[in-house]
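In our numbering, the protein residues as written are 1 to 311.
Note that CB positions come from ideal geometry on N, CA and C, so glycine has one too.
Please read the structure below before turning to the comments.
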């Protein structure tokens with residue numbers, strides 16, 4: 001089955017660059033989204049700018065206007081997703097300016113999006129390498145502990161989106177391996193839950209929980225090395241590749257199309273390229289787009305091929 005190269009899907013725009021499986025577009029996602037065909041995308045996977053107070057090198061959106069800002073994209077997210085498609089958002093928390101109390105902006109966004117999408121499942125990304133911040137409340141006044149968990153919301157257009165947890169199975173623990181080897185007698189636990197004889201059936205691996213433990217500690221990579229050689233500032237807020245990889249493997253299959261509308265340094269595109277998924281990425285800051293090329297060895301400037309024969 002032949003599938004169109006992503007560079008040919010947006011007819012009126014020329015990509016900044018393409019690879020064998022994807023295309024990166026420089027521009028405003030609100031405008032680029034409107035040029036995507038209806039029901040053309042299997043998965044939207046992104047980490048949008050957070051609502052933060054600190055000065056950063058990327059777009060800053062205030063907590064008060066964050067929900068309105070994000071909802072500018074929501075109608076087109078819904079439109080371009082296939083009927084069994086998913087929207088996955090990695091979004092960090094925040095605090096009220098000058099105070100140690102939490103902002104609720106990410107929960108307000110969650111509840112607002114639930115009026116349009118189904119909430120398929122909530123995930124929690126725990127980064128054990130997170131620095132002890134915010135420093136004022138954690139290391140100076142010592143009245144809070146460090147923030148080390150991000151929320152990851154998984155939304156869908158229908159109650160039964162495309163998903164297969166066999167794509168993200170993990171190795172069995174030592175305790176489970178012992179039970180599989182020695183056997184487990186079916187019985188009722190103190191909680192009242194009845195364990196059947198199917199409990200000790202050996203499958204391909206263990207089903208993961210919705211707590212994703214992924215350190216964000218990459219200090220050496222092709223991307224960082226080549227950014228340094230070219231004297232280009234790397235994106236300051238990159239998520240680890242293991243995070244998008246989990247959802248790419250869980251919610252798509254080879255040949256599916258994945259979109260990241262706030263792509264930054266294009267970690268999502270790099271993961272899709274390695275996992276044989278087609279991809280589209282949008283980013284409004286040209287410096288980040290230029291640097292993102294260093295993630296790939298097969299970059300072509302401008303228009304890429306229009307058809308793929310390997311799907």
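Under DSSP, the beta strand (DSSP E) around residue 149 begins and ends at which residues? 149–156
Do residue 138 and residue 82 come within 8 Å of each other at the CB atom, strictly closer than that value? no
Limits of the unbroken alpha helix (DSSP H) element including residue 78: 66–80
Given this structure, state the Cα-to-Cα distance separating residue 165 from residue 129, to the nearest angstrom. 27 Å
What's the gap between the Cα of residue 263 and the Cα of residue 174? 38 Å
Rounded to the nearest angstrom, what separates residue 241 and residue 87 at their Cα positions? 18 Å
Less than 8 Å between the CB atoms is what I'm expecting for residue 282 and residue 22, so what's the real figure, rounded? That pair is no contact at about 12 Å.
Could you tell me how far apart the beta carbons of residue 126 and residue 152 are, in whole angstroms, since I believe they sit closer than 8 Å? No, residue 126 and residue 152 are not in contact; Cβ-Cβ is about 11 Å, not under 8 Å.
Go through the region 82–127 residue by residue and report every complete run of the beta strand (DSSP E) that reaches 3 residues or more, in order. 118–126
Quick one: Cα of residue 239 to Cα of residue 12, how far? 31 Å
Helix, strand or coil, according to DSSP, for residue 58 in the structure here? For residue 58, the pLDDT reaches just 49, beneath the cut-off of 50, and the residue's location in the model is therefore unreliable, leaving the point undetermined.
Cβ neighbour criterion (16 or more within 10 Å) applied to residue 254: exposed
With distances taken from CA atoms, which of 37, 159 and 210 is nearest residue 316? Any question about residue 316 goes unanswered here, given that the chain covers just 1 to 311.
Residue range of the alpha helix (DSSP H) that residue 271 falls in? 267–274
In chain order, what residues of the same chain have a beta carbon less than 7 Å from the beta carbon of residue 168, not counting five sequence neighbours either side? 208, 246, 249 and 250
So, for residue 120: in the same chain, excluding its five sequence neighbours on each side, which residues have a beta-carbon less than 7 Å away from its beta-carbon? 86, 154, 155, 156 and 161
Go ahead and label residue 141 buried or exposed: buried means 16 or more other beta carbons lie within 10 angstroms of its beta carbon, across all protein chains shown. exposed
Going by other Cβ atoms of all chains shown within 10 Å of its Cβ, with 16 needed for buried, is residue 266 buried or exposed? buried
Rounded to whole angstroms, what's the CA-CA distance from residue 95 to residue 77? Just pull it up for me. 28 Å
Alpha carbon to alpha carbon, how far is residue 6 from residue 25? 11 Å
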